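The block underneath contains the structure these notes are about, expressed in structure tokens.
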Amino acid sequence: MVLKLESYLIETATTNWLRVPKWFQKGSSLIDLPDGIAMNVQASTGEVELHAKDFEGVYRFIGSFSVQAMLDQENRKTAYVRNKYEFNI
1049 MVLKLESYLI ETATTNWLRV PKWFQKGSSL IDLPDGIAMN VQASTGEVEL
1099 HAKDFEGVYR FIGSFSVQAM LDQENRKTAY VRNKYEFNI
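In the numbering used here, the protein residues as written are 1049 to 1137.
The structure is reproduced here in structure tokens:
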């Protein structure tokens, strides 16, 4: 009988290692934050996923948002953040 792994280790931008579900796909940068939170950033699309460490030590998806730059009438760039999901922490 072959045992299937439900999670694996992945390296963050700060060279720490986090355990993530087997379906997890790393973006441009995975950043670990204090208190068991991690951000998975996809720079090309502006998508940011938030993950929290569960009781088993696996970082699970808790929400996401996107960041977009927009030009105002004076051609100044401003950041626009759009929440895609409710955060269920």
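Built from N, CA and C at the ideal position, the CB exists for glycine as well. Here the structure is a predicted model, which means the values were calculated and not measured.
### Message
Alpha carbons only, please: which of 1068, 1104 and 1103 is nearest the one belonging to residue 1087?
### Response
The shortest Cα separation from residue 1087 among 1068, 1104 and 1103 belongs to 1068.
### Message
Cutting at 6 Å between CB atoms, please list the residues of its own chain near residue 1089, excluding the five before and the five after it.
### Response
The beta carbon of residue 1089 lies closer than 6 Å to those of 1075, 1076, 1077 and 1096 in the same chain, with the five residues before and after it left out.
### Message
Measuring alpha carbon to alpha carbon, tell me which residue in 1061, 1098 and 1070 is nearest residue 1109.
### Response
Looking at the Cα atoms, 1098 is the closest of the given residues.
### N-terminal and C-terminal residue of the beta strand (DSSP E) that residue 1090 is part of
According to the DSSP assignment, residue 1090 belongs to the beta strand (DSSP E) that extends over 1085 to 1090.
### Query
Is residue 1100 near residue 1085, with beta carbons less than 7 Å apart?
In contact: residue 1100 and residue 1085 (Cβ atoms closer than 7 Å).
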